[in-house]
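J.:
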Amino acid sequence: MLGPFLTVLLALCLVMACAYAIQRFVGNAGWVDVFWTFGTGFGGAVLATWPIASVDSAPWRQVMMALLMSFWALRLGSYIALRVARSDGEDPRYARFRKEWGPDFDRRFFRFVIVQGPIAGILAGCVGLAGQVPSAAFGAGDAFGLALFASGIAIEAIADRQMRRFRAQKIGPVCNVGLWSISRHPNYVGQWLLWCGVCVIALGGSGWGWLALSGPVLMGWLLRFVSGVPPLEQAMLESRGDAYRRYQAAVPAFLPLPPLLRTTRRLRG
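Residue numbers (mature numbering (1 follows the signal peptide of the UniProt record, and there is no 0)): -21 to -1, 1 to 248.
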């Protein structure tokens, strides 16, 4: 599988280079997320089915993983594309980067974008490992992995719909309804869960399946500590001020906490 993986990795690096060029031409860095989502989904679908019906894989699982990734990419990619196209400004994270980096924005943002090619390649490789599990039987790992994947997709979609409705109603400065009342970033939680699902399916095989652990570990680290929560929350603090600080004090950043732990957290804060 090394040859196909390297081919997809190179293709994803080229996709992200194109994403950088296009966002620079249109002046909206949000389009980078659209390219990354569609690129990752396409790369994962290719690796899951390359080659289809190989001696070392079950064709139904290959098709299943390709369909799952295609559905994820189409749903999320279309949502982001519509949001970027209809927005009057940039994603708060990228607007903050543009402000902080100033004249050095283009150079630093190129590095930020191009490194997303290898990241997408690693995630696509996890999908490939899940698709190449040799067992023809539908096992417990498949069932649990599918449940996690479906839960992640559902959480993402519900969170996006709740945020869209909240913005349309204009009833307050900070969305704290529905899933947003138990996690400050439920869409990120859903994203992480679906990659956990891919990992669980891949672990059902022998050999290199354990490498799929890199998917949820990498995605969780990026979302929680690097390019997801930190820059977005900083931008929200600048634009929402004390309202967002109160939200931070009341609601956990990522995984929801049980009521007792949430109460203890508020008391300590």
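Note that beta-carbon positions come from the ideal geometry of N, C-alpha and C, so glycine has one too. Note that the coordinates shown come from a computational prediction; the quantities given were computed from them, not determined experimentally.
Between the stretch 122 to 131 and the stretch 170 to 188, are three or more C-beta pairs nearer than 8 Å?
T.: yes
J.: For W51 and M44, what's the separation of their Cα atoms in angstroms?
T.: For W51 and M44, the distance between alpha carbons rounds to 11 Å.
J.: Considering only C-alpha positions, which residue in the set P235, K149, I150 and A116 is nearest to W159?
T.: Measuring from the Cα of W159, the nearest candidate turns out to be P235.
J.: Quick check: the stretch 151 to 158 against the stretch 216 to 233, are at least 3 beta-carbon pairs closer than 8 Å?
T.: yes
J.: Please return the same chain residues whose Cβ sits closer than 8 Å to the Cβ of A126, not counting the five positions on each side in sequence.
T.: These residues qualify, in order along the chain: G176.
J.: Taking only three categories from DSSP, how would you classify N155?
T.: coil
J.: Please list the terminal residues of the continuous alpha helix (DSSP H) segment that includes P30.
T.: Per DSSP, P30 belongs to no alpha helix (DSSP H) and is neither H nor E.
J.: How many angstroms separate the CA atom of L46 from the CA atom of W29?
T.: Whole-angstrom Cα-Cα distance: 14 Å.
J.: Do three or more CB pairs link the stretch 197 to 217 to the stretch 61 to 80 at distances below 8 Å?
T.: yes
J.: Give the straight-line distance between the Cα atoms of V179 and A232, rounded to the nearest whole angstrom.
T.: Taken atom to atom, the span from the alpha-carbon of V179 to that of A232 is near 25 Å.
J.: For the alpha helix (DSSP H) containing S218, name the first residue and the last one.
T.: V208 to R219
J.: How big is the Cα-Cα spacing for G68 and L(-12)?
T.: 31 Å
J.: With a threshold of 16 other CB atoms inside 10 Å of the CB of G107, please say whether the residue is buried or exposed.
T.: buried
J.: Determine, using beta-carbon pairs with one atom in the stretch 181 to 194 and one in the stretch 92 to 104, whether at least three such pairs fall under 8 Å.
T.: yes
J.: In or out: S66 buried (at least 16 other Cβ within 10 Å) or exposed?
T.: exposed
J.: Relative to the alpha-carbon of V94, which residue among L201, I134 and N7 has its alpha-carbon at the smallest distance?
T.: L201
J.: Per DSSP, what kind of secondary structure is K78 in: helix, strand or coil?
T.: The answer is helix: DSSP assigns K78 an H, G or I state.
J.: Is the distance from the Cβ of residue 249 to the Cβ of F14 below 8 Å?
T.: With the chain covering -21 to 248 only, the question about residue 249 has no answer from this structure.
J.: Could you have a look at Y(-2) and say whether DSSP puts it in helix, strand or coil?
T.: helix
J.: Can you look up G104 in the DSSP assignment and give me helix, strand or coil?
T.: helix
J.: With the cut-off set at 8 Å, would you say V(-14) and G22 are in Cβ contact?
T.: Closer than 8 Å, so yes.
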